[in-house]
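S.K.: Structure below; questions to follow.
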């Protein structure tokens, strides 16, 4: 009798161990359950939301990386009007701009005054920039901003032939003139309005430095920071040669740096 009881003991121990093992495995199987994919953010509808487009000329400047970090942190999109010469020398910034969902625009190759050069020279400035940006980013600019915001019927005609609209601005930062964080901050907030297009420069260090504070305040005021393309509603696209927004604005807002103050080269090289 005692021998039979001893014979059953190892079997009972084995069964108990197997049951314990099954119980321990259950939480592990639960922990390995597939996670739900993160919910994608819905695209901002500027017909319903309060939108503002920040635009940066003359770049990419040497502070563009820091600016892109800030825009990414605050989930803000922007539009960059690039010079071909800097797209060629800093292609990594151009590539990142495209990858992170920002609009790319053409701001000429070396920033000449279009009214003072020939039709052929205007075409070469724009075409060379299209090529430099495409080589860096894999896609070409979809809009033109003429240097200094100056254009005439020739520029409009050439832009139309290239299949591109002209994009100006209706609010400024005057960062090129003041190079002062407080002044830039106040000027942008003064100029900000729904569906507004604000002119800034990524080669101005003070602009890039004040950007976190500025984005926080604009968001607090209810603005969504979007690309120029996103401002358009109902799927509308700008037509080749179209000038947007309305060029009939205050001269002080359309004023871009005079030739002796433009000089990203002086700032960076």
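In this note's numbering, the protein residues as written are 130 to 398. Cβ atoms here follow ideal geometry from the backbone N, Cα and C, with glycine treated the same way.
1) With a 10 Å radius around its C-beta and 16 neighbouring C-beta atoms as the bar for buried, classify residue 182 as buried or exposed.
2) Flag this pair as yes or no: are the beta carbons of residue 195 and residue 339 separated by less than 7 Å?
3) Leaving out five residues on either side along the sequence, give the residues of the same chain with a beta carbon under 8 Å from the beta carbon of residue 257.
4) Within a Cβ cutoff of 8 Å, which residues of the same chain sit near residue 203, ignoring the five residues on either side of it in sequence?
5) Please confirm whether residue 360 and residue 180 have their CB atoms less than 7 Å apart.
6) Comparing alpha-carbon positions, which option in 231, 300, 313 lies nearest residue 210?
7) For residue 224, which residues of its own chain have a beta-carbon under 7 Å away from its beta-carbon, when the five flanking residues on both sides are left out?
8) Can you give me the start and stop residues for the alpha helix (DSSP H) that residue 304 sits inside?
9) In three-state DSSP terms, what is residue 370?
10) Expressed to the nearest angstrom, what Euclidean distance is found between the alpha-carbon atoms of residue 248 and residue 315?
11) Return yes when the Cβ of residue 217 is within less than 7 Å of the Cβ of residue 261, no when it is not.
12) In terms of alpha-carbon separation, which member of 358, 185, 207 lies closest to residue 293?
13) Check the DSSP bridge columns for residue 184 and list the partner residues they point to.
M.R.: According to the structure shown:
1) Here residue 182 refers to the residue found at position 53 of the chain shown. Buried, by the Cβ-count rule.
2) Position 66 of the chain shown holds residue 195. Position 210 of the chain shown holds residue 339. Cβ atoms of residue 195 and residue 339: not closer than 7 Å.
3) Your numbering for residue 257 matches position 128 in the chain shown. Within the same chain, residue 257 has close Cβ partners 213, 238.
4) The residue you call residue 203 lines up with position 74 of the chain shown. Here the set comprises 341, 344, 345, 348, 354.
5) Here residue 360 is taken as the residue at index 231 of the chain shown, counted from 1. Here residue 180 is taken as the residue at index 51 of the chain shown, counted from 1. The answer is yes: Cβ separation under 7 Å.
6) If you number the chain shown from 1, residue 210 lands on position 81. Of the listed residues, the one whose Cα sits closest to residue 210 is 231.
7) Here residue 224 is taken as the residue at index 95 of the chain shown, counted from 1. Correct list, in chain order: 265, 266.
8) Taking the first residue of the chain shown as position 1, residue 304 is located at position 175. Unbroken alpha helix (DSSP H) run through residue 304: 304-307.
9) Looking up residue 370 in the chain shown gives position 241. The answer is coil: DSSP assigns residue 370 none of H, G, I, E or B.
10) Looking up residue 248 in the chain shown gives position 119. Looking up residue 315 in the chain shown gives position 186. Straight-line Cα distance between these residues: approximately 39 Å.
11) By one-based count along the chain shown, residue 261 stands at place 132. By one-based count along the chain shown, residue 217 stands at place 88. Their beta carbons are under 7 Å apart, which means residue 261 touches residue 217 by this criterion.
12) Position 164 of the chain shown, counted from the start, is the residue given in the question as residue 293. The option with the nearest alpha carbon to residue 293 is 358.
13) Position 55 of the chain shown, counted from the first residue, corresponds to residue 184. Answer is 208, 328.
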